[in-house]
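Encoded as structure tokens, the structure appears first; notes follow it.
If you want it as structure tokens, here you go:
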């Protein structure tokens, strides 16, 4: 509901300051919502296999519906730009009502307990980073660094792509929406087949490395190709395998979580990803002014470094497991 109110302010904004304040408010509520979704899944899943399947479903829905959101917004924007915001506010308020009515109670602390002085430290926006020392082992830190780089690279790519196809190819919002809709269909197919198979049939610590390598190579293709058709093809390939990488990382994080720390770890996971998203948005704008391809080069570097960290994470996790007594 807070996200919807923030978007109302966004639609009414007429100055740069008003835009920034509105986006800050929506970011606060949006970030909190995504943390709650992941924590709720981890808290309510009856077993590890179900948890992995639910996290995959959640990540798939977020990616696919996000792509179709671009499609709907692009089509509505062709009619009237504010029409897209009006529909978005309606969807967000509806989602808030559905969450309230459909979700079961999974809180480990009553609301009245949160008001006590000793529990107020939980409202510190940096508390996830402060409390990370209770669970962040050197091996686990490698995984979180890969998560940060993944969102850093993807945000740089996504924000640049949306502007690049308008700036370089003169695509309207409608064409942009159609392209993102196609990406959504491909994402749904990839997550329903490749991702599920990888989670069920492979060691995802190892298979995630291959997924990130493919993401890196497709991002390199974005840098190399300038013609519309090959450029779009490698972008679709990147988008599909990025969508596969997201549930793989979520599952890896969730597998190493103790039940008593699930909300804390998922909060830290989302904080790390948000940090990558903030940096990605900043670098995409700064680098684009230097050269239209520079953000894609930066994104390629982020993904290839993430793949290297995942390789190191897999090797250290394997060594740790081998050293444990039977």
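Residue numbers (my numbering): 578 to 903. Every residue gets a Cβ at the ideal spot worked out from N, C-alpha and C, and that includes glycine. Small disclaimer: the values here were computed from a predicted structure and weren't measured.
Using the beta-carbon count (16 or more within 10 Å), is residue i buried or exposed?
i	result
residue 667	exposed
residue 795	buried
residue 776	buried
residue 747	exposed
residue 827	buried
residue 845	buried
residue 657	exposed
residue 872	buried
residue 782	buried
residue 623	exposed
residue 865	buried
residue 552	As displayed, the chain neither begins before 578 nor continues past 903, which places residue 552 out of reach and without an answer.
residue 778	exposed
residue 615	buried
residue 665	buried
residue 677	exposed
residue 627	exposed
residue 793	buried
residue 821	buried
residue 766	exposed
residue 737	buried
residue 679	exposed
residue 718	exposed
How many Å lie between residue i and residue j at the Cα?
i	j	result
residue 788	residue 654	34 Å
residue 727	residue 852	11 Å
residue 612	residue 847	6 Å
residue 661	residue 584	11 Å
residue 890	residue 831	15 Å
residue 812	residue 805	10 Å
residue 587	residue 756	25 Å
residue 621	residue 601	30 Å
residue 841	residue 894	22 Å
residue 608	residue 784	28 Å
residue 849	residue 868	28 Å
residue 630	residue 743	37 Å
residue 673	residue 578	5 Å
residue 854	residue 896	32 Å
residue 861	residue 734	7 Å
residue 888	residue 786	6 Å
residue 790	residue 646	28 Å
residue 731	residue 824	14 Å
residue 595	residue 589	9 Å
residue 752	residue 712	46 Å
residue 803	residue 617	43 Å
residue 641	residue 659	23 Å
residue 637	residue 768	6 Å
residue 569	residue 892	Given a span of 578 to 903 for the chain in the structure shown, any question on residue 569 remains unanswerable.
residue 619	residue 610	14 Å
In three-state DSSP terms, what is residue i?
i	result
residue 682	coil
residue 870	coil
residue 847	helix
residue 753	helix
residue 860	helix
residue 735	helix
residue 728	helix
residue 664	helix
residue 877	helix
residue 670	helix
residue 747	coil
List the endpoints of the continuous alpha helix (DSSP H) containing residue i.
i	result
residue 824	805-832
residue 610	593-621
residue 627	625-656
residue 796	781-801
residue 584	579-589
residue 713	From DSSP, residue 713 is part of no alpha helix (DSSP H); its letter is neither H nor E.
residue 776	773-778
Is residue i near the ligand PLP, with its Cβ less than 7 Å from a heavy atom?
i	result
residue 717	In terms of ligand content, the structure shown is empty, and the ligand PLP therefore cannot be addressed.
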